[in-house]
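Here numbering that gives the first Met the number 0 is used: position 366 in the sequence shown is 365, and no number is missing along the way.
Cβ atoms here follow ideal geometry from the backbone N, Cα and C, with glycine treated the same way.
Predicted model only: the values in this text are computed from it and were never measured.
Presented below is the structure to which this report refers.
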Amino acid sequence: MISIQNLSIHFTGQDLFTDINFMIREKDRIGLVGKNGAGKTTLIRIIAGLEQPSHGDVVMSDDVTIGYLPQETNIYSEKTVLEETMTAFEEYHQIEKKLAQLQDELSQRTDYESDSYQKLCERMSALNERLTLIGGHSIEGEAEQILVGLGFDHEDMTRAMNEFSNGWQMRVELAKILLRKPKLLLLDEPTNHLDIESIQWLEGYLKNYYGAIFMVSHDRAFLDHITIRTIEISGGKIYDYKCAYTEFVERREERIDMQKAAFDNQQREIKEIEAFIERFRYKATKAKQVQSRVKQLEKMDMVEIDDRDKSVMHFKFPPAPHSGKVTLELNHVSKSYGEKNILNDINLLIPRGEKIAFVGRNGEGKSTLAKIICGVLDHTGEVKLGHEVKIGYYAQNQQDMLDPEKTVFETLDDVATGDMRVKVKSLLGAFLFSGETIDKKVKVLSGGEKARLSLAKMLLFPTNLLVLDEPTNHLDMLSKDILKSALLQFDGTLIVVSHDRDFLQGLTTKVYEFRKPHIKEYIGDIYDFLEEKRLKELDDLNRKQKIQQQVTPVVSQNKIDYEAKKIEEREKRKVEKEIKKLEEQIDALEKELADLDEIMANPSTHPEIKIDDDFYWNYGKKKEDLQYLIDKWGEIAI
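Given below as structure tokens:
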């Protein structure tokens with residue numbers, strides 16, 4: 000379908016890649032991987048026809064259509080979400096007009112047996128097939144279906160595009176590309192602006208996509224679920240594997256190990272041959288054997304070990320300063336923007352050392368709560384930091400907070416204090432900034448470089464509470480793994496907002512799902528949470544099906560009413576029993592808290608009880624348990 004032939008690209012005197020060759024075939028599922036700056040985006044733009052190579056060709060069939068989604072683009076539209084999405088069907092309307100013209104031409108011709116008449120019919124048939132493929136008469140319904148899959152609510156369809164953030168507008172661009180159904184999808188970091196639910200929907204859609212997919216992604220789980228082929232750009236070359244990303248990593252290591260073994264064996268053989276030649280060079284009786292060994296060396300194909308860029312950042316967070324047992328307590332925290340309620344009556348108690356993930360759809364309040372915790376946003380309710388708690392905050396737009404006119408070195412040196420002032424260069428070196436690169440201005444850095452610089456800046460000050468909002472954006476696979484390793488060794492408290500399932504797996508032990516304006520707690524890591532949600536959805540579906548199966552067309556209406564009433568009464572008794580149990584638990588907890596309140600109000604009357612960190616932690620935990628029971632009672636009783 001598409002052939003990449005001897006492609007080379009040069010930037011500032013250096014080869015980004017040289018004489019690369021590969022094919023993209025129909026229904027291919029290819030993941031393009033490599034370190035930041037390896038040339039992935041450049042290669043995709045060349046295939047899309049947006050950049051020209053220094054040398055080589057991109058050869059494709061005449062019927063190939065391409066849909067290209069960049070990482071970022073500025074979108075200016077005054078249309079509604081649905082109206083903008085429907086512009087994807089421009090090709091549909093053009094085909095309709097062309098078909099009408101061809102039909103008119105056919106009706107005026109009588110040379111039914113001629114080649115030109117047959118070609119005209121074939122052209123009409125091909126256009127009709129394309130028309131059916133890209134939507135037929137259900138284009139508006141399909142547009143809404145894809146928009147909902149990408150996270151839009153039905154009421155969003157009539158809202159203006161300019162009411163949405165750039166991330167949500169990028170979702171509309173993705174929807175338009177999917178609706179056009181090109182033969183080749185070129186996707187550059189398609190999950191950057193998606194939440195976990197939308198990513199899972201997109202995975203299902205792309206698995207069944209009729210055309211080929213060629214994409215760049217740093218989301219390991221996403222690549223593993225979709226791709227069946229991996230192309231790596233490394234050291235100006237490409238390496239093509241017929242497998243998904245995780246298997247590719249294993250096979251790459253095996254290949255390099257085999258190359259090293261072959262190289263070592265060959266070097267031993269060369270040394271032995273050279274030793275023989277040197278030993279018998281001047282012996283006439285060995286002349287033929289020596290000449291044979293010389294020719295053997297000349298004909299030998301030298302084993303090469305594939306060049307790999309082994310430069311990786313390496314760091315660990317400083318030891319967390321000692322703090323109280325309770326790191327953070329939120330009491331009745333709420334946040335609204337005008338009439339829009341983002342968070343409502345949030346109550347949390349986070350003990351020292353806990354590792355928590357904030358997940359949920361974009362716009363549900365994850366970043367808002369992170370900012371509230373870090374004192375960036377005003378709010379109602381109380382945010383109490385524990386004793387000696389020091390916060391390190393990595394914002395979602397952390398890179399934009401860097402001064403673009405400062406150099407890399409100045410960015411850290413200007414804020415470093417004490418012993419860290421003499422360690423700035425070594426710290427930058429750990430994050431791959433050395434030599435002339437430390438004198439680069441921030442404004443010329445790539446997204447990945449800015450992300451690394453922001454992480455380095457965080458290490459200047461010891462913290463015991465890390466709040467990280469999408470820290471993996473712009474980081475390549477290896478950098479994400481290193482960041483995850485550093486966080487696993489961090490001995491403080493961690494709150495991380497992320498949609499990267501592979502990054503979160505095994506990193507956190509508790510998940511808070513945000514469903515505006517409330518949050519719900521799940522124990523376990525991200526895959527425990529996803530499995531519990533899946534089981535709940537299946538359970539809800541089975542319950543509905545069972546209720547529907549109670550009613551069949553052959554039974555009388557009285558029988559139907561009787562069975563429905565029995566089910567309703569049974570469910571009612573079950574709910575009443577659960578409500579009663581919850582009310583008993585609430586009463587007991589309220590009594591315990593009242594006793595504790597009395598002790599705190601009059602400590603002198605209870606000299607046997609020590610009011611310390613353990614006492615307050617126990618008190619806070621009971622308050623949290625009480626709030627959970629009250630919320631659960633509210634959900635059931637309504």
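Own chain, CB closer than 7 Å to residue i, minus 5 neighbours either side, in chain order
i: I94; result: L126, R129 and L130
i: V554; result: Unreliable positioning characterises V554 in this predicted model, as indicated by a pLDDT of 44, which lies under 50. The coordinate reading is nonetheless provided below. Result list for V554: empty, nothing under 7 Å.
i: V382; result: L329, V332, I371 and I372
i: L486; result: L493 and L506
i: I518; result: I345, Y511 and E512
i: R292; result: I272, F275 and I276
i: N192; result: Residue 192 is actually His in this sequence, not Asn. Same-chain partners within the cutoff: G166, M169 and R170.
i: R514; result: G359 and E363
i: H638; result: Given that the chain is displayed from residue 0 to residue 637, the structure contains no residue 638 and the question cannot be resolved.
i: I629; result: I585
Contacts around residue i, its chain only, beta-carbon distance under 8 Å, and the 5 residues preceding and following it disregarded
i: L376; result: K334, T367 and K370
i: E25; result: M0, K182, G210 and A211
i: T17; result: S7, G235 and K236
i: I481; result: V311, M312, H313 and F314
Cβ-based burial, residue i [other Cβ within 10 Å; buried from 16]
i: A593; result: exposed
i: D256; result: exposed
i: P470; result: buried
i: Y244; result: buried
i: T284; result: exposed
i: K175; result: buried
i: F357; result: buried
i: A660; result: This structure leaves residue 660 out entirely; the chain is present only between 0 and 637.
i: Y111; result: exposed
i: P189; result: buried
i: P552; result: Residue confidence for P552 is low, a pLDDT of 46 falling below 50, so the modelled location carries little weight and cannot support an answer.
i: Y336; result: exposed
i: H647; result: Lying before the first or after the last residue shown, residue 647 is absent from the chain, which here runs from 0 to 637.
i: Y75; result: exposed
Boundaries (first-last residue) of the beta strand (DSSP E) holding residue i
i: F357; result: K354 to G359
i: H331; result: V325 to Y336
i: S7; result: I1 to F10
i: K509; result: K509 to R514
i: D475; result: No beta strand (DSSP E) holds D475; DSSP gives it neither H nor E.
i: G391; result: I390 to Y393
i: F213; result: A211 to V215
i: R228; result: R228 to S233
i: L186; result: L183 to D187
i: I240; result: Correcting the residue identity first, residue 240 is Tyr in this sequence and not Ile. From DSSP, the beta strand (DSSP E) with Y240 extends over K236 to Y240.
i: T379; result: T379 to L384
i: T519; result: In the sequence under discussion, the amino acid at residue 519 is Lys, which differs from the Thr named in the question. Note, K519: beta strand (DSSP E), H517 to I522.
i: T492; result: T492 to V496
i: Y67; result: I65 to L68
Extent of the continuous alpha helix (DSSP H) run through residue i
i: H605; result: Taken as a continuous stretch (DSSP letters only), H605 belongs to no alpha helix (DSSP H), as it is neither H nor E.
i: F88; result: Note, F88: premise wrong, no alpha helix (DSSP H); not H, not E.
i: T367; result: K365 to I372
i: G446; result: G446 to M457
i: N264; result: Y244 to F279
i: V147; result: I138 to G148
i: G166; result: N165 to R179
Residue i and residue j closer than 8 Å at C-beta
i: T462; j: A319; result: yes
i: S433; j: G36; result: no
i: R638; j: I29; result: Only positions 0 to 637 of the chain appear in this structure, which leaves residue 638 out of reach.
i: I349; j: L327; result: yes
i: K439; j: T410; result: no
i: L452; j: A415; result: no
i: Q398; j: A450; result: yes
i: G38; j: I232; result: yes
i: F151; j: V80; result: yes
i: T109; j: E172; result: no
i: L464; j: K389; result: yes
i: V496; j: L474; result: no
i: E202; j: I225; result: yes
i: T40; j: V215; result: yes
i: M312; j: F430; result: yes
C-beta neighbour in chain C for residue i, strict 8 Å
i: L454; result: Although the question refers to chain C, the structure presented lacks it and comprises just one protein chain.
Sequence-distant residues of the same chain with beta carbon closer than 6 Å to residue i, five excluded per side
i: K315; result: A485 and Q488
i: T678; result: Because residue 678 is not part of the residues shown, which for the chain are 0 to 637, the question remains open.
i: D490; result: A319
i: W200; result: G148
Would you check if the segment 286-303 and the segment 253-271 touch, i.e. whether three or more CB-CB distances between them fall below 8 Å?
-> yes
Would the segment 516-531 and the segment 411-430 be scored as touching if the rule is three or more Cβ pairs under 8 Å?
-> no
Check whether the segment 60-74 touches the segment 41-49, taking contact to mean three or more Cβ pairs, one atom from each stretch, closer than 8 Å.
-> yes
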